[in-house]
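Beneath this line is the structure, given in structure tokens, with notes to follow.
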Amino acid sequence: MESDLGPQTSSRDRLIFVVFVGAFALINGGLILSGRLPTNWDGLGLILAAGISLALYSFLYEDNALFKFAEHLYVGVVAAYEVAQVWYQNILTDVFNPLFRPAAEVGPEWVVLIPTLLGLFLMTRLVGRGVWLSRLSIAFIVGLGSGLVIPRRIASFILQQIGPTMQPLWTDGSFAIDAFLILLGVVSVLVYFSFSFEHTGVVGGVSRIGIWFLMISFGASFGFTVMARLSLLIGQLTFLLEDWLTLDLPLW
Amino acid sequence: MDRLLNIDRRYIFIAVFVGVVLPLLIGFDLPIKPTKNVRAMYDTIEGLNPDDGDTVFISFDFGPSTITEMEPMARALLRHCFRRGIRVIGVTLIAEGVGIAQNLLDDTAAEFGSQYGRDYVFLGFKAGNEVLILNMGQDLPGTFPTDIKGNALESLAVTRDIKSLRDMDYVIDIASGYPGVDEWIQFGQERYRFPFAAGCTAVMAPDFFPFLQAEQMNGLMAGLGGGAEYETLIGRPDKAVAGMRPQSVGHLVIIMFILFGNVAYFAGKKNRS
Amino acid sequence: MPFLQRTLPLIIAFVAGALGIITFYVPDMEAFETESATWYRVIFAFSMVLGIHSLLNMHWARIRRQEAGWGFSAVTWIGFGLMLLFALYNNGSGPFAPLDLKRGGMVWMYDHIQVPAGSTMFSLLAFFIASAAYRTFRARTVEAAILLVAAVIVMLGRVPIGAFISEALPTMSQWLMTTPNMAARRGILIGVSLGAVATALRIIFGIERSYLGEESD
Chain A
10 MESDLGPQTS SRDRLIFVVF VGAFALINGG LILSGRLPTN WDGLGLILAA
60 GISLALYSFL YEDNALFKFA EHLYVGVVAA YEVAQVWYQN ILTDVFNPLF
110 RPAAEVGPEW VVLIPTLLGL FLMTRLVGRG VWLSRLSIAF IVGLGSGLVI
160 PRRIASFILQ QIGPTMQPLW TDGSFAIDAF LILLGVVSVL VYFSFSFEHT
210 GVVGGVSRIG IWFLMISFGA SFGFTVMARL SLLIGQLTFL LEDWLTLDLP
260 LW
Chain B
225 MDRLLNIDRR YIFIAVFVGV VLPLLIGFDL PIKPTKNVRA MYDTIEGLNP
275 DDGDTVFISF DFGPSTITEM EPMARALLRH CFRRGIRVIG VTLIAEGVGI
325 AQNLLDDTAA EFGSQYGRDY VFLGFKAGNE VLILNMGQDL PGTFPTDIKG
375 NALESLAVTR DIKSLRDMDY VIDIASGYPG VDEWIQFGQE RYRFPFAAGC
425 TAVMAPDFFP FLQAEQMNGL MAGLGGGAEY ETLIGRPDKA VAGMRPQSVG
475 HLVIIMFILF GNVAYFAGKK NRS
Chain C
60 MPFLQRTLPL IIAFVAGALG IITFYVPDME AFETESATWY RVIFAFSMVL
110 GIHSLLNMHW ARIRRQEAGW GFSAVTWIGF GLMLLFALYN NGSGPFAPLD
160 LKRGGMVWMY DHIQVPAGST MFSLLAFFIA SAAYRTFRAR TVEAAILLVA
210 AVIVMLGRVP IGAFISEALP TMSQWLMTTP NMAARRGILI GVSLGAVATA
260 LRIIFGIERS YLGEESD
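Written out as structure tokens, the structure reads:
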């Protein structure tokens, strides 16, 4: 079933393309004529959404012009949406309104000019000569971001994780196997990731135990990843069957 | 055996497609047992008091690419809150989430006759990621002087007396990536010590179990399965529960492929030796 | 110019970083922390525009040079232009009023292009993960076998059919997640956090300068 690029395969692909588009048009025609799809913007939107979904799914057969069209359209639409959100939710409310449409009792918030200027300095990356100005803005963002991260990371991801790792191994006269496994797992994984010394002898043995814990963790990750990807597929197929083809799917 | 191992991948695609579509079309019963982590979230919300004006703060940090996994759990959570009369304040840290969050809040509120401003408010989005969490933790009205509709926060019943995240009775982050649970814990829960829980995609869920054990969060909904458990708890099976049929069969199909691939590989290896 | 181009940014990074750390420990600096965080948000908003400019510029270059597939780049620009037009029109309210999220061309394009396309793109991965698992997931070593067994237990235990097959499966799956998986993740979390803190300190003290770009900029 793998396609070569010869003219015979190319004409087969063209036939598949024509059948695919023709079937899509026929199905939509049938849905509209039977009244299952409304003849308004909502109906057109459903057809467009279904068409884009199927065009993207056509990649499973092979890369083709329909897939590329849908992919590039998506990229352009998302980019504009992000720009709109940045304008309405950030620039308009945090810069424009405080400067040019402030509350009467407060007056213009001139201090907002500083981050605005730094933001405009970032734009100099688009211009050849002034690009060094953007370094000032980047330095501020990176520096502040780094400073914010250090104490918070230490507090939440290191200190608060060590305490629950060191649970008592004997409780009520019995050995707490889970607490022991947690302690063993954390220590052995940290030993595995310590590359300052050779993993031989006892260190090598502990490191190997760490690998086993990591393998269990990666297996769990794989299982959850399969679950996540299948969920997304279920959602899209549900949309195509229920919303587009208007089939009555059993709930439970 | 080598031919079986090198089968065209499109046959595998067809098997996955059939394995997911058939259970969607055919209904059958499968029991769903909520896990401890989901039940903890449910119990926390059950324990909130609407007469005291208890408020749940939900951050809808997901976009269209993960809507299938995240929307059912978000909807189940909102249904629980609105049914109990618990106030809800919504926000999103990602630009793509604004439309989704707004629709979710409005549609779910309408099911229970909940009113905007009196029962729920949506603040919208601002760029800044974890820094926004920091801002909201210190001064919520200063960070969002108005909600997404342009109403001043002090003019709305839900937000009138709220000064910061410290005033929230429960904070839930429903996240599919960055910014998400890690940022909420580092910049929010660690500093302001509010009760915190999360919903996340199944891919991310294994990463958050250390926070559960350290009691930095008290509950976790993972993917569509987590949503199905919550729908079961509130007694309102919907898309997540319906999704468990094709999910189950899909998992079986993939496990069969993995096992078959291994059998074929070892059988072929034995023949060659 | 070297002072403005190299030294001043390092000073700014040091001061901003030091303040970021200090504000965590000094309660009276909450107002400053809020203000600096607001500045961060505003500058970050401009950086998002920079990213989008880069994307559009790449597609424009393809159109200008009439490279293979330039027509698709034109589709990107058309999609961008239409969406932005509707966004600024804001269902008649214009760009200086709050954004209308219920009606209008932008909402229509969001609901019928952005949402289905985004969902479909990610759902394609389900097929590829099945294909990749069939071809490459082999229990060739003890470690790989442990990974495979853990994956199968979790995949069955997290869905209702697992309980249908055996009540032990959900229990085993939950135990795997809360004990060995949790321990491994905690080890990774602590290790990564130590690395992140070390990198952040290097940035603040000016040892790590790659974020400033090339010398010739």
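Chains as they are written, first to last, in the working numbering: chain A, 10 to 261; chain B, 225 to 497; chain C, 60 to 276.
Ideal Cβ placement from N, Cα and C applies to all residues, glycine included.
- For B:ALA376, the pairing in a beta bridge is given by DSSP as B:THR370.
- Cβ-Cβ separation between C:ALA176 and A:ILE61: approximately 5 Å, consistent with a contact (criterion under 8 Å).
- The C-alpha of C:ALA127 lies about 29 Å from the C-alpha of A:ALA32.
- Here A:LEU250 has LEU256 and LEU258 as same chain residues with Cβ atoms under 8 Å from its own Cβ, once five neighbours each way along the sequence are excluded.
- Residue environment: B:PHE432 is assigned as buried (16 or more neighbouring CB atoms within 10 Å of its CB, all protein chains considered).
- Looking at the DSSP output, B:ALA446 sits in a beta bridge with B:CYS424.
- Taking 8 Å as the cut-off, the beta carbon of B:ASP371 is found no closer than this to the beta carbon of B:LEU364.
- Beyond the five residues adjoining it in sequence on each side, B:ALA239 comes within less than 8 Å, by CB distance, of VAL477 and PHE481 in the same chain, given in chain order.
- Straight-line spacing of the CA atoms in C:MET231 and C:LEU207 works out to 15 Å.
- In summary, B:LYS463 is buried, with 16 or more beta-carbon neighbours lying within 10 Å of its beta-carbon over all protein chains present.
- In this chain, C:PHE83 is not harboured by any beta strand (DSSP E); it is covered by the alpha helix (DSSP H) spanning 67–84.
- Straight across, the Cα-Cα distance linking C:ASP87 with C:THR93 is about 11 Å.
- Proximity of chain C to A:GLU71 at the Cβ level (cut-off 9 Å) is not reached, the minimal Cβ distance being about 13 Å.
- Look at A:PRO259: its C-beta is not under 8 Å from any C-beta on chain C.
- Taking a Cβ-Cβ threshold of 7 Å, the residues of chain A close to B:PRO430 are SER226, ALA229, SER230 and PHE233, in chain order.
- A distance below 7 Å between beta-carbons, with the five flanking residues on each side excluded, links A:ARG134 to the following residues of its chain, in chain order: VAL140 and SER143.
- In the three-state scheme derived from DSSP, where H, G and I count as helix and E and B as strand, B:THR279 is classed as strand.
- For B:GLY337, the closest alpha carbon among the candidates B:ILE310, B:LEU272 and B:PRO369 is that of B:ILE310.
- Of all residues in the stretch 178–193 of chain A, those with a C-beta nearer than 9 Å to a C-beta of chain B are ILE191, reading in chain order.
- Of the candidates B:ALA298, B:ASN327 and B:ARG469, the residue whose Cα lies closest to the Cα of B:GLY243 is B:ARG469.
- Listed in chain order, the positions of the stretch 259–272 of chain B with a beta carbon within less than 7 Å of a beta carbon of chain A would be empty, since no residue qualifies.
- Around A:VAL95, the beta-carbon contacts reaching into chain B at under 8 Å are ALA319 and ALA351.
- Taken in chain order, the complete alpha helix (DSSP H) segments of 4 residues or longer contained in the stretch 150–175 of chain A are 169–174.
- Residue environment analysis places B:ASP343 among the buried positions, since at least 16 neighbouring C-beta atoms fall within 10 angstroms of its C-beta.
- If you draw a straight line from the Cα of A:LEU157 to the Cα of C:GLY79, it comes to about 5 Å.
- Residue contact with chain B for C:GLY177: present (Cβ-Cβ distance below 8 Å to some residue of chain B).
- A check of alpha carbon separations from B:PHE349 across A:MET132, A:ALA164 and A:VAL92 identifies A:VAL92 as the nearest.
- Where A:LEU246 is concerned, the enclosing alpha helix (DSSP H) starts and stops at 210–247.
- Residues of the stretch 50–63 of chain A with a Cβ closer than 7 Å to any Cβ of chain C, in chain order: TRP50, GLY54, LEU57, ALA58, ILE61 and SER62.
- Here C:TYR99 carries a helix assignment [DSSP, helix/strand/coil].
- B:GLY277 and B:GLN339 have their C-alpha atoms spaced approximately 15 Å apart.
- Non-local beta-carbon contacts of B:PHE420 in its own chain, meaning distances under 6 Å to residues more than five positions away in sequence, involve VAL395, GLN413 and MET441 in chain order.
- Short of 7 Å from the beta carbon of C:ILE70, and not among the five residues preceding or following it, lies no beta carbon of its own chain.
- Fewer than three pairs of CB atoms, one per stretch, sit closer than 8 Å, so the stretch 379–389 of chain B makes no contact with the stretch 260–270 of chain B.
- A straight-line Cα-Cα distance of about 36 Å links B:SER283 and A:TYR201.
- Cβ atoms of A:PRO107 and A:PRO117 come within 8 Å of each other, at about 7 Å.
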